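Residue numbers (UniProt numbering): 1 to 343.
Every residue gets a Cβ at the ideal spot worked out from N, C-alpha and C, and that includes glycine.
Keep in mind that this is a model prediction, so the values were computed, not measured.
First up is the structure itself, then whatever we jot down about it.
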């Protein structure tokens with residue numbers, strides 16, 4: 001590891017708020033990746049007639065456990081549980097016996113029902129467990145934002161590099177194109193397309209990618225405009241290096257400093273965009289675990305305050321952690337800040 005990177009890591013660690021936010025967010029995201037092992041309506045392991053079954057990885061028919069129908073086994077059914085118990089079997093359940101689409105038909109009150117020992121954060125207006133939907137919705141939001149941020153950063157850095165390095169007519173034409181493209185009403189286009197094609201994860205990602213790549217172009221373009229006339233770039237050009245090598249070996253590393261400081265905030269904006277689309281009904285397909293859909297349910301069910309409060313705290317905690325991480329990364333890559341400046 002280079003001395004510069006060691007210094008940046010030291011500054012990042014010194015920023016206690018950002019450092020601990022990073023580990024808290026990483027822990028929450030890691031747990032959400034194992035959502036099927038935490039919240040599921042299927043057991044993790046089933047023992048039946050001295051054989052082991054793993055329902056979370058494979059669907060088994062009722063006939064496997066002595067049932068009457070060749071259908072997928074409902075392990076919450078008392079009839080199936082009795083069959084397994086009579087064969088001296090056992091089941092290891094996840095912490096929550098619900099996934100994001102499991103409907104609890106044994107609610108003590110009409111849905112949405114308040115928090116209880118069965119549903120720790122209550123249920124929504126369809127009787128689905130709110131905590132399970134938050135766990136799965138958190139995972140989808142972070143994965144969507146992560147893929148969108150990485151893909152848009154690659155495109156934005158490449159576009160900004162070409163503009164800034166070549167300048168002239170290339171820069172002029174590209175800037176006019178960006179001005180026109182950025183002026184398109186993204187939300188209206190999404191609404192129109194949602195009436196034609198049923199939106200899903202990849203469809204939304206592709207549409208958002210068409211516009212989100214422009215957020216980094218100006219930053220990278222400015223770095224390349226500044227760096228293309230520096231002495232070491234002129235020397236590399238005089239030695240006969242190709243433009244591609246000069247751009248990505250000599251100029252790009254300097255531009256990446258500004259890029260990395262902006263990426264956490266782009267990540268944050270991607271989560272907010274997906275949440276807003278889900279809230280308006282133009283995001284993920286109906287029934288998908290979504291924090292935006294939970295916000296909409298809180299708005300429509302004011303008599304069930306646990307829905308709005310859960311959505312508020314889930315989003316505010318996640319976005320606050322990301323903002324703190326972004327500030328710590330920005331300070332770590334700021335050349336004007338030294339190790340002694342961090343408090």
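Helix, strand or coil at residue i [DSSP, three-state]
{"i": "residue 47", "result": "strand"}
{"i": "residue 123", "result": "strand"}
{"i": "residue 76", "result": "coil"}
{"i": "residue 302", "result": "coil"}
{"i": "residue 343", "result": "Residue confidence for residue 343 is low, a pLDDT of 45 falling below 50, so the modelled location carries little weight; the figure read from the coordinates is stated next. Reduced to three states, the DSSP call for residue 343 is coil."}
{"i": "residue 61", "result": "strand"}
{"i": "residue 277", "result": "helix"}
{"i": "residue 236", "result": "helix"}
{"i": "residue 166", "result": "helix"}
{"i": "residue 258", "result": "helix"}
{"i": "residue 87", "result": "coil"}
{"i": "residue 328", "result": "helix"}
{"i": "residue 114", "result": "coil"}
{"i": "residue 1", "result": "coil"}
{"i": "residue 20", "result": "helix"}
{"i": "residue 218", "result": "helix"}
Assigned exposure category for residue i - 16 Cβ within 10 Å defines buried
{"i": "residue 139", "result": "buried"}
{"i": "residue 312", "result": "exposed"}
{"i": "residue 343", "result": "Its pLDDT being 45, under 50, residue 343 is placed unreliably by the model, and the measurement read from it follows with that caveat. Residue 343 is exposed by the Cβ-count criterion."}
{"i": "residue 15", "result": "buried"}
{"i": "residue 1", "result": "exposed"}
{"i": "residue 82", "result": "exposed"}
{"i": "residue 340", "result": "Unreliable placement is indicated for residue 340, whose pLDDT of 46 sits below 50; the coordinate value is still reported in the next sentence. Under this definition residue 340 is an exposed residue."}
{"i": "residue 326", "result": "buried"}
{"i": "residue 5", "result": "exposed"}
{"i": "residue 226", "result": "exposed"}
{"i": "residue 245", "result": "exposed"}
{"i": "residue 84", "result": "buried"}
{"i": "residue 10", "result": "exposed"}
{"i": "residue 65", "result": "buried"}
{"i": "residue 217", "result": "buried"}
{"i": "residue 255", "result": "buried"}
{"i": "residue 286", "result": "exposed"}
{"i": "residue 299", "result": "exposed"}
Beta-carbon gap between residue i and residue j smaller than 8 Å
{"i": "residue 213", "j": "residue 116", "result": "no"}
{"i": "residue 108", "j": "residue 306", "result": "no"}
{"i": "residue 148", "j": "residue 205", "result": "yes"}
{"i": "residue 128", "j": "residue 163", "result": "no"}
{"i": "residue 98", "j": "residue 39", "result": "yes"}
{"i": "residue 333", "j": "residue 8", "result": "yes"}
{"i": "residue 253", "j": "residue 133", "result": "no"}
{"i": "residue 188", "j": "residue 270", "result": "no"}
{"i": "residue 131", "j": "residue 96", "result": "yes"}
{"i": "residue 292", "j": "residue 319", "result": "no"}
{"i": "residue 157", "j": "residue 220", "result": "yes"}
{"i": "residue 251", "j": "residue 272", "result": "no"}
{"i": "residue 282", "j": "residue 199", "result": "yes"}
{"i": "residue 122", "j": "residue 294", "result": "no"}
Residues bridged to residue i [DSSP beta-bridge criterion]
{"i": "residue 92", "result": "45"}
{"i": "residue 349", "result": "Limits of the chain in this structure are 1 at one end and 343 at the other, which puts residue 349 out of reach."}
{"i": "residue 53", "result": "46"}
{"i": "residue 159", "result": "In DSSP, residue 159 forms no bridge with anything."}
{"i": "residue 39", "result": "96"}
Beta-carbon separation (whole angstroms), residue i vs residue j, contact threshold 8 Å
{"i": "residue 321", "j": "residue 24", "result": "6 Å"}
{"i": "residue 224", "j": "residue 160", "result": "7 Å"}
{"i": "residue 124", "j": "residue 297", "result": "5 Å"}
{"i": "residue 56", "j": "residue 44", "result": "6 Å"}
{"i": "residue 190", "j": "residue 178", "result": "The pair is not a contact, with the Cβ atoms about 20 Å apart (cut-off 8 Å)."}
{"i": "residue 60", "j": "residue 328", "result": "Their Cβ separation, rounded to whole angstroms, is 47 Å, which puts residue 60 and residue 328 out of contact at 8 Å."}
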